[in-house]
């Protein structure tokens, strides 16, 4: 059953167990209180909160690995992490225990599964998908404050999609990555960049659905900030092509804020959470 806490079947290739059982965790979180996913000594992080909760269950230091390191203010809907534990936990009981000890932090374990010892939340992932929410209204946001980027003017979603189409495929995305990005290469294959105009809970909303095997630092936020300029009429789709081909960070449009960005889902073959 998809999304349920599960055990992978025993036997078969890759199903050998280590002395310390390994568990995959699907994680949901509100990014506002955190300095990002990655543990930091002086600032709260999502990783730190989960590791502290694990320490309440097995009293020793814990280190978990995740599919992606989201920045400060970025949210998680389907982040995936893995941990190794000494006890052979029932996955449902493990998720319940972690959720108890995670309170009152806005972090929840929404699914848990026993996985083979060679499963790695980052390196076993075959794709990652992000959602970005952009609300177009003049009145201040109340319920969606901190959960969406607000701009006060209407946007042309069709023009934005025309610009987005120029970015799909395999390209050198130097223009659209942070100057502090540590990736060895800016070559990436962008599988999907779909833009939908919807009526959201706070009014007219533009939603960006972005999918690739891996992303560069600030790549999605660079896309969204640039395409917002297209939607506002300040850029044309041809300007997006020119920026891409420039391979120069200075050619990028404004980088949008983090609080509309969500790590929505991570793909694996097989899906560790899709077993009866």
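Numbering (UniProt numbering), first residue to last: 1 to 276. Glycine included, each C-beta is placed from N, C-alpha and C at the ideal position.
For this session: Kindly list the residues whose CB is nearer than 7 angstroms to the CB of residue 244, restricted to its own chain and excluding five residues on each side of it in sequence; keep chain order.
Result: 166, 167, 171, 175
For this session: Determine the direct distance from the alpha carbon of residue 155 to that of residue 92, and round the result to whole angstroms.
Result: 44 angstroms
Exercise. Taking C-alpha atoms, which residue in 228, 267, 26 lies nearest to residue 256?
Worked result: Among 228, 267, 26, the Cα nearest to that of residue 256 is on 228.
For this session: Determine the extent of the beta strand (DSSP E) in which residue 151 is found, giving its start and end residues.
Result: 149-151
For this session: Round the Cβ separation of residue 24 and residue 115 to the nearest angstrom and send it over; I've been treating them as touching at under 8 angstroms.
Result: In this structure residue 24 touches residue 115 by the C-beta definition: roughly 5 angstroms separates them, less than 8 angstroms.
Problem set entry | Beta-carbon spacing of residue 177, residue 186 below 8 angstroms | Their beta carbons are under 8 angstroms apart, which means residue 177 touches residue 186 by this criterion.
Exercise. In chain order, which continuous runs of the alpha helix (DSSP H) of length 4 or greater are located wholly inside the region 32-87?
Worked result: 46-57
Exercise. At which residues does the beta strand (DSSP E) containing residue 188 begin and terminate?
Worked result: From DSSP, the beta strand (DSSP E) with residue 188 extends over 187-200.
Problem set entry | Range of the contiguous beta strand (DSSP E) that encloses residue 129 | 127-136
For this session: Kindly indicate if chain B contains any beta-carbon less than 8 angstroms away from that of residue 214.
Result: Absent from the structure: chain B. Only one protein chain is present.
Exercise. Counting Cβ pairs, one atom from each stretch, are 3 or more of them under 8 angstroms apart for the region 99-117 and the region 26-39?
Worked result: yes
For this session: Classify residue 183 as helix, strand or coil using the three-state DSSP reduction.
Result: When DSSP states are grouped into helix, strand and coil, residue 183 belongs to the coil group.
For this session: Answer yes if the region 33-41 comes into contact with the region 64-83, meaning at least three C-beta pairs across the two stretches below 8 angstroms, and no otherwise.
Result: yes
For this session: Look at the Cβ atom of residue 106, then the Cβ atom of residue 30, and state whether they are nearer than 8 angstroms.
Result: yes
Problem set entry | Residues that DSSP places opposite residue 171 in a beta bridge | 188
For this session: Return the residue from the list 126, 193, 196, 85 that minimises the CA-CA distance to residue 57.
Result: 85
Problem set entry | Straight-line gap, residue 48 to residue 59 (C-alpha atoms, nearest Å) | 15 angstroms
Exercise. Along the chain, where does the beta strand (DSSP E) that runs through residue 263 open and close?
Worked result: 261-267
For this session: Return the CA-CA distance between residue 20 and residue 88, expressed in angstroms with no decimal places.
Result: Spanning the two alpha carbons is a distance of roughly 8 angstroms.
Exercise. Whose CA, out of 65, 135, 79, lies closest to the CA of residue 198?
Worked result: When each option's Cα is compared against that of residue 198, the closest is 135.
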